[in-house]
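Sequential numbering of the sequence shown, starting at 173, is according to the numbering used here.
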Amino acid sequence: TGRPAAGLWHRGSLKPTLPAAENRTTMASRERGMTFLSAVLLLTSANVKGDDNACSWCERGDATCDWNFDEFSLAHFTTSISGQVQRAMPYFKPSAQTPLGVADSDVTNAVIVHHGAGRNAEDYLSYMVNAIVNNQGQGAENALQLENTIVIAPQVWFPGDDGLDENVHIWWDVSGDDGFDTDDLPGERDWKWGGNSSAELPASISTFSVLDEMLDTLSNKTLYPNLESVVMAGHSAGGQIMQRFALFSTRAKGGSRDLGLDLKFYVANPSSTTYLGPERPVQAPERDCAFCINSTIESQEWAFEKPTVDLECVDTYNAYGYGLEGNLPDYPAATGVAQALAQYPLRRVTYMSGESDVCDTPYMETNQCLTCIPDDGGLDPSCEGYAQGWCRMARLHAFSQYVQAFYDQGEAAQTHKLMSVPDVGHSGCGMFQSPEFAAGALTRLPQAQLGS
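If you want it as structure tokens, here you go:
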């Protein structure tokens, strides 16, 4: 049974040019693992249940995760509201690492890695630190060295979360997957959309402001005189916050308070992105169990058109978070849409797409696509989400092309890239411990190329 598409579409708005060849995975790399369609056929034709390879398809990467380095500790970052609320922003760091804000002339590189909806910052710190250790251990040329790299994993906690001390930590109110608040102010308190910390405290701060202030600290030459570059990475909901932060931050290139940092953003497997205009990818009017074939998505050229009034969520599909219309949280509103659109192509953003992140658990279960139930990692199942694509891989591949079409290539052709990661699904560890990420993010450029 086919599911109706998210909407009907007008014809002929935006047609992208595919990204440069070096930013797309070759057919040989795609053939290293089976496609999602072959996983479906494996189960249905053999009539077997619980096949480990196919049932764990969308989480590929977790099983090979390296947890060897595990010496981490909770630390506290003083923010601009800490004096008013008598609380600090929690984050995790390697235990031997000097806390953020304490002078360290040995630091040459910084990595800020953000957790997803699981709010498990310590796990994400482990993914990243082990990725750095493994990359340097393999003798990669110009690999980042952990002893010279400050690694920070901000921790957003909700009330009731294990680890939260409400007398010590700044925290955020509970927010849903779609970011819409009951007061009809999208993202007002949603951390992954730049929303403010809890209204229960006498002052609040945007997650974007927290990241800004961390960058302010890293840019302080008195504290870090030898800092060369900063990588900011997030997976799943962490990918969402990084994409939106890259769009709105005042501290990155072109911003009103540009710090002049050599800064790179890595947006991995987000469930949604913030579109720059009202267009969305054109999709088939119906779908079946072969709704997201990774080899097809890899080579697909998307067209983008504005939905018609027949779209169920026509009034909200482009509201903030999914788009740029309507009320914005305090921080994005202060930056402004026009400024955000002007500065976004100046920032270096890599969209990391796991080639096995192609599942939609509710749809596949309802339509009995497999004899087991895969885990899609909490795909956004809203109308607004489906308007961006049927699965995360489709959504991110389409969005990366949309950015090029929106800016008519231009500077974005050099700064916004697609990184397709084979044999990895919705796994933060698999993405950040991949050789693709190591080559792009965990390798120091020669001094002459920094900032290029």
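In this text, a Cβ means the ideal position worked out from N, Cα and C, and glycines have one as well.
Quick check on residue i: buried or exposed, where buried means 16 or more other Cβ atoms within 10 Å of its Cβ?
i: Gln252; result: Reading the sequence as shown, one finds Ser at residue 252 and not Gln. Exposed.
i: Asp580; result: exposed
i: Asp529; result: buried
i: Trp239; result: exposed
i: Gln258; result: exposed
i: Ala315; result: buried
i: Asn302; result: buried
i: Ala559; result: buried
i: Cys601; result: buried
i: Asn398; result: exposed
i: Ala440; result: buried
i: Glu231; result: buried
i: Gly332; result: exposed
i: Lys265; result: buried
i: Thr615; result: exposed
i: Ala268; result: exposed
Is any non-hydrogen atom of the ligand ATP found closer than 7 Å to the C-beta of residue i, if you look at the structure I gave you?
i: Leu513; result: This structure lacks the ligand ATP; in fact it carries no ligand of any kind.
Rounded to the nearest angstrom, what separates residue i and residue j at their Cα positions?
i: Leu518; j: Asp334; result: 39 Å
i: Ala506; j: Gly366; result: 12 Å
i: Ala409; j: Val596; result: 17 Å
i: Ala613; j: Leu419; result: 19 Å
i: Leu336; j: Gly549; result: 24 Å
i: Ser298; j: Asp242; result: 7 Å
i: Thr632; j: Arg423; result: Lying before the first or after the last residue shown, residue 632 is absent from the chain, which here runs from 173 to 624.
i: Arg500; j: Tyr574; result: Note on identity: in this sequence residue 500 is Leu, with Arg being the wrong assignment. Going by the C-alpha atoms only, they are around 22 Å apart.
i: Gly233; j: Glu313; result: 24 Å
i: Ser322; j: Asp482; result: Sequence check: residue 322 is Ile here, not Ser. The alpha-carbon atoms of Ile322 and Asp482 are separated by roughly 50 Å.
i: Trp562; j: Asp388; result: 38 Å
i: Phe604; j: Asn307; result: 11 Å
i: Ala610; j: Lys589; result: 15 Å
Grab the span of the beta strand (DSSP E) containing residue i for me, first residue to last.
i: Asn281; result: Asn281 to His286
i: His569; result: No beta strand (DSSP E) contains His569, which is instead part of the alpha helix (DSSP H) from Arg564 to Phe578.
i: Ala611; result: Where Ala611 is concerned, there is no enclosing beta strand (DSSP E), although the alpha helix (DSSP H) it sits in stretches over Pro607 to Ala613.
i: Ala512; result: Looking at the DSSP string, Ala512 is not in any beta strand (DSSP E); the run it does join, the alpha helix (DSSP H), is Val509 to Gln515.
i: Pro266; result: Met261 to Pro266
i: Phe604; result: Segment Gly600 to Phe604 is the alpha helix (DSSP H) holding Phe604; no beta strand (DSSP E) there.
i: Ile322; result: Thr321 to Pro326
i: Arg520; result: Arg520 to Gly526
Going by beta carbon distance, what residues of the same chain come within less than 6 Å of residue i, once the five residues before and after it are set aside?
i: Val285; result: Tyr296, Met300, Ala325 and Ala405
i: Ala275; result: Leu395
i: Gly311; result: none
Can you name the start and end residues of the alpha helix (DSSP H) that residue i belongs to?
i: Thr587; result: Ala584 to Thr587
i: Thr250; result: No alpha helix (DSSP H) holds Thr250; DSSP gives it neither H nor E.
Using a Cβ-Cβ cutoff of less than 7 Å, which residues in the same chain neighbour residue i once the five nearest sequence positions on both sides are dropped?
i: Gln256; result: Pro374 and Ala375
i: Ser606; result: Val593 and Val596
Please return the same chain residues whose Cβ sits closer than 8 Å to the Cβ of residue i, not counting the five positions on each side in sequence.
i: Ala235; result: Ser228
i: Ser471; result: none
**Report entry** Validate contact between the stretch 477 to 487 and the stretch 447 to 465 using beta carbons, cut 8 Å, 3 pairs
**Finding:** Because the criterion of three Cβ pairs below 8 Å is met, the stretch 477 to 487 and the stretch 447 to 465 touch.
Query raised in the report: Using 8 Å as the Cβ pair cut-off and three pairs as the minimum, do the stretch 337 to 347 and the stretch 458 to 477 touch?
Result: No: fewer than three Cβ pairs fall under 8 Å.
Query raised in the report: Per the contact definition of three or more C-beta pairs closer than 8 Å, is the stretch 523 to 538 in contact with the stretch 421 to 435?
Result: No: the two stretches stay apart, fewer than three of their Cβ pairs being nearer than 8 Å.
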